[in-house]
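FYI, in my numbering the residues of the sequence shown are 15 to 769. Note that CB positions come from ideal geometry on N, CA and C, so glycine has one too. Just below is one structure, and these are the notes that go with it.
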Amino acid sequence: MYRKLISWKFIILSLLLLNTCQDEAPGSKEQSPDKPRSTVEDETQEMVDELHALATNTTDIQVWHLNRPRALMIDEQLKTSTDPGQTLGLLFKSGKEWLNAGEYEIALDRFNTIFSYIETNKITVKDETYNKIQEVLGVAYLRKAEIENCIKHHNEYSCIIPIEKEGQHVNREGGEMALKTFDGILNKTPDNLQVKWLYNITQMILGNYPNGIKKERLIAPSVFESETSFPRFTDKAMELGIAVNDISGSVVMDDFNNDHYLDLIISSYGLDDQLKYFENNTKGGFEDKTIAAGLKGLWSGLNMVQADYNNDGWIDVLVLRGAWLGKNGNHPNSLLRNNGDGTFSDVTKSAGLYCLLPTQTASWADYNNDGWVDLFIGNEYSNNNNAPCQLFHNNGNGTFTDMAKEKGLAVTDFIKGCVWSDFNNDGYPDLYLSSIRGNNYLFKNGGPDADFSFSNVVDQAGTKGPIKSFPCWAFDYDQDGWEDIFVSGFDFSQFETAAGEVAKDHLGLPTSAELPKLYKNNRDGTFTDVTKTANVDKVLYTMGCNFGDLNNDGFPDFYAATGTPDFRALIPNKMFLNNNGQQFLDVTKAGGFGHLQKGHGVAFGDIDMDGDQDIYHVLGGSYDGDNFMNALFVNPGNSNNWIKLKLQGVQSNKGAIGAKVKIMASNAQGEKKMFYNRVNSGGSFGANPLLIEQGLGDCNLIERIEVTWPGKKEPQVIEGAEVGAYYMIVEGQNQIQRIDVKSTMLKGVHEHHQH
Numbered sequence: 015m016y017r018k019l020i021s022w023k024f025i026i027l028s029l030l031l032l033n034t035c036q037d038e039a040p041g042s043k044e045q046s047p048d049k050p051r052s053t054v055e056d057e058t059q060e061m062v063d064e065l066h067a068l069a070t071n072t073t074d075i076q077v078w079h080l081n082r083p084r085a086l087m088i089d090e091q092l093k094t095s096t097d098p099g100q101t102l103g104l105l106f107k108s109g110k111e112w113l114n115a116g117e118y119e120i121a122l123d124r125f126n127t128i129f130s131y132i133e134t135n136k137i138t139v140k141d142e143t144y145n146k147i148q149e150v151l152g153v154a155y156l157r158k159a160e161i162e163n164c165i166k167h168h169n170e171y172s173c174i175i176p177i178e179k180e181g182q183h184v185n186r187e188g189g190e191m192a193l194k195t196f197d198g199i200l201n202k203t204p205d206n207l208q209v210k211w212l213y214n215i216t217q218m219i220l221g222n223y224p225n226g227i228k229k230e231r232l233i234a235p236s237v238f239e240s241e242t243s244f245p246r247f248t249d250k251a252m253e254l255g256i257a258v259n260d261i262s263g264s265v266v267m268d269d270f271n272n273d274h275y276l277d278l279i280i281s282s283y284g285l286d287d288q289l290k291y292f293e294n295n296t297k298g299g300f301e302d303k304t305i306a307a308g309l310k311g312l313w314s315g316l317n318m319v320q321a322d323y324n325n326d327g328w329i330d331v332l333v334l335r336g337a338w339l340g341k342n343g344n345h346p347n348s349l350l351r352n353n354g355d356g357t358f359s360d361v362t363k364s365a366g367l368y369c370l371l372p373t374q375t376a377s378w379a380d381y382n383n384d385g386w387v388d389l390f391i392g393n394e395y396s397n398n399n400n401a402p403c404q405l406f407h408n409n410g411n412g413t414f415t416d417m418a419k420e421k422g423l424a425v426t427d428f429i430k431g432c433v434w435s436d437f438n439n440d441g442y443p444d445l446y447l448s449s450i451r452g453n454n455y456l457f458k459n460g461g462p463d464a465d466f467s468f469s470n471v472v473d474q475a476g477t478k479g480p481i482k483s484f485p486c487w488a489f490d491y492d493q494d495g496w497e498d499i500f501v502s503g504f505d506f507s508q509f510e511t512a513a514g515e516v517a518k519d520h521l522g523l524p525t526s527a528e529l530p531k532l533y534k535n536n537r538d539g540t541f542t543d544v545t546k547t548a549n550v551d552k553v554l555y556t557m558g559c560n561f562g563d564l565n566n567d568g569f570p571d572f573y574a575a576t577g578t579p580d581f582r583a584l585i586p587n588k589m590f591l592n593n594n595g596q597q598f599l600d601v602t603k604a605g606g607f608g609h610l611q612k613g614h615g616v617a618f619g620d621i622d623m624d625g626d627q628d629i630y631h632v633l634g635g636s637y638d639g640d641n642f643m644n645a646l647f648v649n650p651g652n653s654n655n656w657i658k659l660k661l662q663g664v665q666s667n668k669g670a671i672g673a674k675v676k677i678m679a680s681n682a683q684g685e686k687k688m689f690y691n692r693v694n695s696g697g698s699f700g701a702n703p704l705l706i707e708q709g710l711g712d713c714n715l716i717e718r719i720e721v722t723w724p725g726k727k728e729p730q731v732i733e734g735a736e737v738g739a740y741y742m743i744v745e746g747q748n749q750i751q752r753i754d755v756k757s758t759m760l761k762g763v764h765e766h767h768q769h
């Protein structure tokens, strides 16, 4: 057993967990946020107790996570069922629930019982239904194979497509039974692309791909080839003891103890999954500081995003909860204040952020340029849950007030992604939102003349697609000084058929999947859809996501973390390399990024401080039994130059969120180049460090750096910086401070992390 079991109690949930926010946020400037330490500890304990109650109490057995209780309930119904049709339906439901709960042996028993029951009772079943049951049976065998090989005997090649020798399975029973099952389906329906896809993956894990597959069943190796050469990255998470083995969740990569090395805070979606904090020991390893940091008992969280909300110089973290749970998603978020002494405190209530609404997306920015970062939370409004979006205005004293209605941002939609960016370069942050049920939103900040209220200009801008969207981000992909928009499609009606749609895409066949959109900024308030010309019109089913610069050429690349909750959705996570701002090239295979397990939070950052960005990737699905080890893809390096800049605001917010950086540089031939960046955490699912890690390509001379701080019209000019160095830039101080940080050789003892 690898997924820890929850002892679910079916009792009435406290009235505390109704769909409500605080009646009145403690938002007046007369109130002081400073509390005695004991009071703060009490508040943290209150949140721990509330999260424990959520994990152990429920009134609705249909809550997403409760696979085990539902399976037990169905098994009880099976004992009294006499109708053959009902019995078959209950056996199938029981098998799926046990599979989702992580009990693959019980699931296999249920599915196999279906076929023996059909034969014994001479029941006629439609071919389509019979094949569907067989398909799920094959997937259950495949999950057995994954657990007994990829989890029990995990290595850096496990589940990376196309699966190479080191990733092939030693315990072959699960794979061989899956192959037999898929073979039987294909004998009857040879054109079933989803089963053909799963069949080819199964042949890979058994070492029979491609030579052991008949031509008519082979998905050719050429469909997995990268579009350009690229060095392979190495997954060192297991070696370093940071391969958290949990279900879907997120990661914040940042410097939480101000030693200039990047640490990790990692979350997981399970209601009793512990938040984890790994501190970089600056010697090539990490130390688990979860308990020492005061995080014990702070459970769950599908996503997180960081900021220095109180301008004290220490990065704080917001944990987001309740996503996808509908009427049962009234869970509190957590604002974790960094105390600057190695500990964090939950100050959600005293900060005025306590609210019971479902969400998994939020973004920080100083929307009114008053020097304090504000917070937008995109909630999941539905017929079952009145959950409008929120704009929490920072009062400058450690507290917030929800101003969404006043500012025109109380959106009532099922929001899955939100990002701030100054799309029109007028100095005021605008806001892009993705909806999984309709048009997306682009809110233009009206600035001081409109009292910083927002208007939806998505129709004029031309950025409302795709109709079913999930993650999004703003980045300057073509390095022209104007930020563009990427938003990925995600059709949740295709949970069970996603692998088939991906197979169609690989084979160049028409697909019904919702494709992503890349919108190029036209610099006039409008955007052009360049998805096809930029070569990103791919079937992705992106959930987690982020961007960075893998080869330090100065152009941002991106990683699409893919999947759906269904166990059949074994589809590779995808890495796209930016080709000089013209198009993106798939380097998934070459770089070793094509993980088949469900992808969620992604963060790019230079973990080993050697000048190139690495990637931490949270893996695992949404069901309680769909756990997997997270990955740390370590960059092998390149020959391009780089610079790191840590910005510190004085009049603007201290973390410098929203500050724009322009670097003018030249190469040995005297060619001048411009590089543009902005302090932000990247995409809407996973968080990069609030740090400028800028690739410079072949430029070896930095002529000047211009920093435009939030709220300022004129840039601060910095001279004297060198390539390959790390600097602190303080607002108003033209003399930069060089930070001497040594690179580390990542090393550790191989550990297996039980789930």
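Check	Outcome
Pairwise C-alpha distance: I753 and D702	Position check: residue 702 holds Asn in this sequence, whereas Asp was assumed. C-alpha separation (whole angstroms): 20 Å.
Assigned secondary structure, I165 (DSSP; H/G/I helix, E/B strand, else coil)	helix
Neighbour-count burial assignment, I305, 16 or more Cβ in a 10 Å radius	exposed
Rounded straight-line distance, which links the Cα of A321 to that of G385	13 Å
Closest by C-alpha distance to T758, when choosing among T296, V516 and G354	T296
Cβ contact (3+ pairs, closer than 8 Å) linking the region 75-92 and the region 126-143	no
Pairwise C-alpha distance: D286 and I20	With a pLDDT of only 38 at I20, under 50, the local geometry of the prediction cannot be trusted, and the value read off the model is given with reservation. Spanning the two alpha carbons is a distance of roughly 8 Å.
Rounded distance between the beta-carbons of W313 and L65, thought under 8 Å	5 Å
Cβ-based burial, A234 [other Cβ within 10 Å; buried from 16]	exposed
6 Å Cβ shell around L349 - same chain, five flanking residues per side excluded	L332, V361, T362, A365 and L367
Backbone secondary structure at L113 - three-state DSSP	helix
Buried or exposed by the 16-neighbour rule on C-beta atoms within 10 Å, applied to I706	buried
8 Å Cβ shell around I199 - same chain, five flanking residues per side excluded	N145, Q148, E149, G152, N206 and V209
A735 vs C713 beta-carbon contact at 7 Å	no
Backbone CA spacing between W112 and N81 [nearest angstrom]	7 Å
Neighbour-count burial assignment, S172, 16 or more Cβ in a 10 Å radius	buried
Burial state of I215, where buried means 16 or more other Cβ atoms lie within 10 Å	buried
Cβ-based neighbour list, V139, same chain, cut-off 7 Å, excluding 5 preceding and 5 following	I132
Environment of E621 [buried if 16+ CB atoms lie within 10 Å]	In the sequence under discussion, the amino acid at residue 621 is Ile, which differs from the Glu named in the question. Buried is the call here.
Coil, strand or helix - H520 by DSSP	helix
Residue range of the beta strand (DSSP E) that includes V184	Careful: V184 lies outside any beta strand (DSSP E) and carries neither H nor E.
Spatial neighbours of V744 in its chain, beta-carbon cut-off 7 Å, leaving aside the 5 residues before and after	Q662 and V664
CB of D380 within 7 Å of CB of G672, strictly	yes
Rounded separation between N325 and H274 - CA only	18 Å
C-beta atoms of D436 and Y690 nearer than 7 Å	no
Simplified DSSP state of A321, which is helix, strand or coil	strand
Per-residue burial, H79 [other beta carbons within 10 Å of its own, 16 or more giving buried]	buried
Three-pair Cβ contact test at 8 Å for the region 404-422 versus the region 333-348	no
Sequence-distant residues of its chain with Cβ nearer than 8 Å to N169 (five each side left out)	E180, G181 and M252
Within 7 Å, strictly: CB atoms of V471 and L447	no
Endpoints, beta strand (DSSP E) assigned at E160	Taken as a continuous stretch (DSSP letters only), E160 belongs to no beta strand (DSSP E), as it is neither H nor E.
Integer Cβ distance of A548 from S243, believed to fall under 8 Å	The Cβ separation is near 20 Å, so there is no contact.
Outcome for T426 when other beta-carbon atoms lying within 10 angstroms are tallied against a minimum of 16	exposed
Whole-angstrom distance between G441 and K726, CA atom to CA atom	7 Å
Pairwise C-alpha distance: L715 and G684	9 Å
Residues that C403 bridges to, as DSSP identifies them	Answer by DSSP bridge pairing: none, since C403 is not bridged.
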